[in-house]
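Residue numbers for the sequence shown follow the working numbering, beginning at 13 and rising by one.
Think of the CB as a built atom: it goes at the ideal place given N, C-alpha and C, for glycine as much as any other residue.
Computed from a predicted model, the values in this text were never measured in an experiment.
Taking it in order: structure first as structure tokens, then the write-up.
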Amino acid sequence: MAGKPKLHYVNGRGKMESIRWLLAAAGIEFEEEFVETKEDLEKLRSDGVLLFQQVPMVEIDGMKIVQTRAILNYIATKHNLYGKDLNEKTLINMYVEGTTDLMEMIMSLIFLTHEEKAKKNALIIDRATTRYFPVYEKVLKGQDFLVGNQFSWADVHLLEAILMTEELKSDILSKFPQLQTFKTRVSNIPTIKKFLQPGSQRKPPHGDEFVAKVKKIFSI
Ligand code: GSN
């Protein structure tokens, strides 16, 4: 039997966090080797294990997969979280891309100045509540899960996005009753419940120290 997947990334959310979420949701234990310095990144590069000289990289089933979406697609497919046919897969892709757009807006906040942040914060809250959440609220009116009424990658990703937006505005779900019950339902799935508990491999919001470190490592 293959060993545990090994995740190579910095010790923070960034592009790896959705991968951590998906593995955790699938009930897969994983190891992490953190890139702590520019030298750590250079070492991976000179070892020839980063196809495009970038992380995230995940060692899994004898492969060294890069590109966040490729990694997520692999895990979702392998663990039956990617729908039962092409139509469901496409719906999952659409929902996941929507939540990705929202989460990428949130992640970009860390690189902004104080003034820029306030403006972007307001835009994110507006986009979440007028563009993205209404879509999921409507879909969830008649069903427990987003696609095929079966737990999928789209649900995992939506919960991650909901919790991230709540970090910006804690009552952001107040006008979305379906999303509130969805949040409770999915948070109580045993694998996810475990991931949400303190001490799990879930990462906290990025702080200033982390941002400074990441800028150095990736020469941003
Ligand atoms: O989604 C992906 O995995 C790729 N399309 C992008 C990966 C990427 O941008 N990785 C960054 C670190 S994560 N932060 O944004 C990276 O390795 N940057 C160093 C570089 O030389 O590009």
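inquiry  = Following a CB-centred definition, is K227 positioned closer than 7 Å to any heavy atom of ligand 1?
reply    = no
request  = Verify the contact flag: G26, CB atom, against every heavy atom of ligand 1, threshold strictly below 7 Å.
outcome  = yes
inquiry  = When you compare the region 190-198 with the region 124-144, are there three or more beta-carbon pairs, one atom per stretch, that lie closer than 8 Å?
reply    = no
query = At a cut-off of 7 Å, is T111 close to ligand 1 when judged by its beta-carbon and the heavy atoms of the ligand?
reply = no
query = Among residues of its own chain, excluding the 5 on either side of D156, which ones have a beta-carbon nearer than 8 Å to its beta-carbon?
reply = F194, R197
task = On the DSSP bridge assignment, give the partners of H20 in chain order.
result = E45, M69
ask   = Does the Cβ of F222 lie closer than 7 Å to at least one heavy atom of ligand 1?
value = no
request  = Throw me the rounded Cβ distance for the K215 and G24 pair, which I believe falls under 8 Å.
outcome  = 5 Å
ask   = Under the rule that 16 or more other beta-carbon atoms within 10 Å means buried, what is T142, buried or exposed?
value = exposed
task = Just tell me which of V67, L208, A140, I232 has its CA closest to the CA of I83.
result = V67
query = Going by alpha carbons, who is nearest to K235 out of Q162, F207, G95, V147?
reply = There is simply no residue 235 to check, as the chain begins at 13 and stops at 232 in what is shown.
request  = Tell me whether K225 sits in a helix, a strand or coil according to DSSP, three-state version.
outcome  = helix
task = Buried or exposed for H126, please, with buried defined as at least 16 other CB atoms from any protein chain shown within 10 angstroms of its CB.
result = exposed
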